[in-house]
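*Asks:* Once you know that position 408 of the sequence shown is 494 in this note's numbering, the rest is easy, because the numbers rise by one and skip nothing. Note that CB positions come from ideal geometry on N, CA and C, so glycine has one too.
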Amino acid sequence: MSASLRLPDDPENLAQDALDYCVFPMFPRSGRTADSVQVYTHGEGVELHDLQGRTYLDMISAHTRANTLGYGNQEIARAVGDQLATLHYVGTRNNFSAPTIRLATRLAQLAPGALSKSMFVSGGSEAVETAFKLARQYHRSRGAKPHARKIISRWNAYHGSTMGAIGATDWLNLRHIAEPAVPGHSFVPGPTCYRNPFGMEDEAYTDLCVRQLEQQILHEGPDYVAAFIGEPIMQANGVQIPPADYWPRVREICRKYEVLLIADEVITGFGRTGDWFASNHFGLVPDIMTMAKAMTAGYAPMGAVMTTPAIIDAPENFLHLHTFSGHLGSVAAANASIAIYEREQLIVRAKETGAWFLEALKAELEPLPIVGQVRGIGMWLAVDLTRDKATKAPFTDDTVTAVVRRMRELGVIVSPIGTAFELAPPLIAPHDALERTVRVAAQALGDVARARNLPC
Ligand SMILES: Cc1ncc(COP(=O)(O)O)c(C=O)c1O
Numbered sequence: 087m088s089a090s091l092r093l094p095d096d097p098e099n100l101a102q103d104a105l106d107y108c109v110f111p112m113f114p115r116s117g118r119t120a121d122s123v124q125v126y127t128h129g130e131g132v133e134l135h136d137l138q139g140r141t142y143l144d145m146i147s148a149h150t151r152a153n154t155l156g157y158g159n160q161e162i163a164r165a166v167g168d169q170l171a172t173l174h175y176v177g178t179r180n181n182f183s184a185p186t187i188r189l190a191t192r193l194a195q196l197a198p199g200a201l202s203k204s205m206f207v208s209g210g211s212e213a214v215e216t217a218f219k220l221a222r223q224y225h226r227s228r229g230a231k232p233h234a235r236k237i238i239s240r241w242n243a244y245h246g247s248t249m250g251a252i253g254a255t256d257w258l259n260l261r262h263i264a265e266p267a268v269p270g271h272s273f274v275p276g277p278t279c280y281r282n283p284f285g286m287e288d289e290a291y292t293d294l295c296v297r298q299l300e301q302q303i304l305h306e307g308p309d310y311v312a313a314f315i316g317e318p319i320m321q322a323n324g325v326q327i328p329p330a331d332y333w334p335r336v337r338e339i340c341r342k343y344e345v346l347l348i349a350d351e352v353i354t355g356f357g358r359t360g361d362w363f364a365s366n367h368f369g370l371v372p373d374i375m376t377m378a379k380a381m382t383a384g385y386a387p388m389g390a391v392m393t394t395p396a397i398i399d400a401p402e403n404f405l406h407l408h409t410f411s412g413h414l415g416s417v418a419a420a421n422a423s424i425a426i427y428e429r430e431q432l433i434v435r436a437k438e439t440g441a442w443f444l445e446a447l448k449a450e451l452e453p454l455p456i457v458g459q460v461r462g463i464g465m466w467l468a469v470d471l472t473r474d475k476a477t478k479a480p481f482t483d484d485t486v487t488a489v490v491r492r493m494r495e496l497g498v499i500v501s502p503i504g505t506a507f508e509l510a511p512p513l514i515a516p517h518d519a520l521e522r523t524v525r526v527a528a529q530a531l532g533d534v535a536r537a538r539n540l541p542c
């Protein structure tokens, strides 16, 4: 160790040590000052405490939308600890333990349609990689479309940071820096709420999106297209809820051209939208489904891919594995989280509380001149800002970020997401926390508008 190297356990120096020794993924160097380092010490429920003794209401579920059950859940912590002390890990392939088999069995009961086979992985990107490799191996083995390798995704989609997943990703400027990525990916528009690139009505734009998907399959050559992937409700620019006919029509087109439909439920799964899976809102039964995040409420890293016996058994041998697939600490966290969702009826509660929260935010914020639309489903909501209600023009400067920053100063954590700011509270969030969030959002919007000479 060099003489100037401090051990990074001195509270006084933690921020500087973070700057010296930690990588800040997707956080620009110009913004990395000691003040920008957020060091948290502990949390309970929806409250998060930082090193300076400040307390925040966490309305974005640990910055990643994963922390659905709040901080300090002793039941999950104990389940993980007990499992690690009993049997922490047995590897992968044909090596299982009872909790892993129980988790797969429970997921088969919860998932839509004939999705009954689970492969466990360590997170969302791995789940997406697994789904793509499965789609390709399925077609190759089944024989009807042995050259089907291509993946079609959607504008603004986010499917993860690994190379395959980035191939299907079009959000956060990740794609261009990674190109040339895995070949064979292309993109079609997906339905959006409030505004779209052509200024069309939502229904007409959705129709265009569906027809464009069919055209793209024909353009790529149906024999070469393995799968279409989409988030049932897209996150980009804030909770894009498609009209009711979008997914049924997409399902039909995929079936017609024998293109596997992958529903990416990494962010929407396990109650976030007021149902176990967002696919259920649209009667969508995908061929492959990916999940992660709330699967363990963030208490351990985990993801999964689910599919049907017909798809997974098409290849004689599915050639794909990860060392920590089904790590038993994560399995214990998932089993405990699912037990809590069920016992506390949190999926229903997310639907009901979310509906109340949406109405409260709409009533308070939509009349404000810089708020274009408040939308949401379950405990997933977005406040889409505009500099002109007549044209729906988005802010192209840092106004959205400024509102999020002001809310944080006022003690509430939310996240910018393009043209909107996003709220994804833990499903356990009590009413008084949500009420305070509504008040703080209104105050922050007013403060920022006044400071920038915007109408307020
Ligand atoms: C829809 C979707 N898919 C995939 C991912 C990637 O998951 P992970 O960050 O766990 O790799 C994310 C992450 O936010 C996501 O929202």
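(1) Taking just the CA atoms, how far does residue 410 sit from residue 89?
(2) Can you tell which of 456, 159, 402 has its C-alpha closest to the C-alpha of residue 514?
(3) In its own chain, which residues sit with a C-beta less than 6 Å from the C-beta of residue 248, not counting the 5 before and 5 after it?
(4) Rounding to the nearest angstrom, what Cα-Cα distance links residue 304 and residue 343 in this structure?
(5) Taking only three categories from DSSP, how would you classify residue 381?
(6) Kindly examine ligand 3 and report whether one of its heavy atoms sits closer than 6 Å to the Cβ of residue 256.
(7) Can you tell me whether residue 209 sits near ligand 1, meaning its C-beta is under 6 Å from at least one heavy atom of the ligand?
(8) The beta strand (DSSP E) with residue 471 in it runs from where to where?
(9) Find the nearest neighbour of residue 193 within the set 172, 464, 363, judged by alpha-carbon distance.
(10) Buried or exposed: where does residue 301 fall if 16 or more other Cβ atoms within 10 Å of its Cβ makes it buried?
(11) How would you write the range of the beta strand (DSSP E) that residue 508 sits in, first residue to last?
(12) If you measure from the CB of residue 237, is any heavy atom of ligand 1 nearer than 6 Å?
(13) Mark residue 181 as exposed unless 16 or more other C-beta atoms lie within 10 angstroms of its C-beta, in which case mark it buried.
(14) State the DSSP-derived secondary structure class of residue 353, mapped to helix, strand or coil.
(15) By the DSSP assignment, the alpha helix (DSSP H) with residue 481 in it spans what residues?
(16) At what residue ranges does the segment 220-280 contain a whole run of the alpha helix (DSSP H), taking only runs of 4 or more?
(17) Residue 246: beta carbon under 6 Å from a heavy atom of ligand 1?
(18) Between the Cα of residue 441 and the Cα atoms of 339, 366, 360, which residue gives the shortest distance?
(19) When the distance is taken between beta carbons, is residue 376 closer than 7 Å to residue 200?
(20) Starting from residue 582, follow its DSSP beta bridges and name the residues at the other end.
(21) How many angstroms separate the CA atom of residue 106 from the CA atom of residue 118?
(22) Which residues in the same chain as residue 188 place their Cβ atom closer than 7 Å to its Cβ, once the five residues preceding and following it in sequence are excluded?
(23) So for residue 132, helix, strand or coil by DSSP?
(24) Given the structure, does residue 470 come close to ligand 1, in the sense that its CB is under 6 Å from one of the ligand's heavy atoms?
(25) Is the Cβ-Cβ distance between residue 614 and residue 471 less than 7 Å?
(26) Please classify residue 141: is it buried, with 16 or more other beta-carbons within 10 angstroms of its beta-carbon, or exposed?
(27) Is the Cβ-Cβ distance between residue 219 and residue 225 less than 7 Å?
*Replies:* Quick answer:
(1) Bear in mind that a pLDDT of 45 at residue 89, under 50, signals an unreliable position, so the number given afterwards is only what the model happens to contain. Each residue's alpha carbon lies about 37 Å from the other.
(2) 159
(3) 211, 215
(4) 9 Å
(5) helix
(6) Because ligand 3 does not appear in the structure shown, any question about it cannot be addressed here, the ligands present being ligand 1.
(7) yes
(8) Here the beta strand (DSSP E) through residue 471 covers 466-471.
(9) The candidate whose alpha carbon is nearest that of residue 193 is 363.
(10) exposed
(11) 506-509
(12) no
(13) Per the 10 Å Cβ criterion, exposed.
(14) Of the three classes helix, strand and coil, the one that applies to residue 353 here is coil, per DSSP.
(15) Note, residue 481: premise wrong, no alpha helix (DSSP H); not H, not E.
(16) Complete alpha helix (DSSP H) runs here, min 4: 249-253, 260-264.
(17) yes
(18) Residue nearest to residue 441 within the set 339, 366, 360 is 360 (criterion: CA-CA distance).
(19) No, these two residues do not count as a Cβ contact at 7 Å.
(20) In this structure the chain extends from 87 to 542, so residue 582 is not present and cannot be described.
(21) 11 Å
(22) 421
(23) coil
(24) no
(25) This structure leaves residue 614 out entirely; the chain is present only between 87 and 542.
(26) By the 10 Å Cβ count, residue 141 comes out exposed.
(27) No; because the gap between Cβ atoms is not below 7 Å, this pair is not in contact.
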